[in-house]
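Inspection log for the structure reproduced underneath, given as structure tokens.
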Amino acid sequence: MARIQHNPKLNQLVVDLGRSLLQFVGEVSPWTPASATVAREAVARLVSQQQRDVTRLTDLLVARGCPIDFGMYPADFTDLHFVSLKSLLPRVIASQEALVAELDEATHTCIDDPEAVTVLGEILSSERAGTEELKTLKA
């Protein structure tokens, strides 16, 4: 019963991770100077890692026979085309911090669903590490 009870929250996390500002940045390729190779590569790597995190959640939901809604990007992201990565980083970091908090809360909420807790814990660690790496890019 706990598994079914938590599936909507897990699907919401699929949407929130899969349609995060980091994912949007990965799709719109913000402007960076030629000297920002390290930052571009780091963001691309973090986008890929977050996509793998989404896949982990969707695999869990598919195994449970749960239909998946992948959602859409928020409409206010459309104003973020044609801007620099440097100007976007503070917003991306804030967005990632909110995702980390949401994942942390979900890990506690789903405590009676050991399978979900395991997956969420691993994703939480991944997202925390990614957020810390983004902070080093901003510095």
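So the number in the working numbering is just where the residue sits in the sequence shown, counting from 1, plus 84.
Where a beta carbon is used, it is the ideal one built from N, C-alpha and C, also for glycine.
From Ser132 to His90, what does the alpha carbon distance come to, in whole angstroms? Straight-line Cα distance between these residues: approximately 26 Å.
Among Ser119, Trp115, Phe108, which one has its Cα closest to the Cα of Ala159? Closest option to Ala159, Cα to Cα, is Phe108.
Would Val184 pass as a contact of Thr215 if the rule is Cβ separation under 7 Å? Contact flag set, yes.
What residue range is occupied by the uninterrupted alpha helix (DSSP H) comprising Phe108? Looking at the DSSP string, the run of the alpha helix (DSSP H) that includes Phe108 is 105–112.
Per-residue burial, Pro114 [other beta carbons within 10 Å of its own, 16 or more giving buried]: Buried.
In the DSSP assignment, find the alpha helix (DSSP H) that holds Thr162 and state where it starts and stops. For Thr162, there is no enclosing alpha helix (DSSP H), as DSSP marks it with neither H nor E.
What do you reckon, are the CB atoms on Thr116 and Arg124 nearer than 7 Å? Their beta carbons are under 7 Å apart, which means Thr116 touches Arg124 by this criterion.
What's the C-alpha gap between Gln134 and Thr142? Whole-angstrom Cα-Cα distance: 12 Å.
Is the beta carbon of Ala126 closer than 7 Å to that of Leu187? No, they are not a contact pair.
Below 8 Å CB to CB, which residues in the same chain sit around Glu181 once its five sequence neighbours on both sides are set aside? Excluding residues within five positions, the ones whose Cβ falls inside 8 Å are Thr215.
Buried or exposed for Asp163, please, with buried defined as at least 16 other CB atoms from any protein chain shown within 10 angstroms of its CB. Looking at its Cβ environment, which holds fewer than 16 other Cβ atoms inside 10 Å, Asp163 is exposed.
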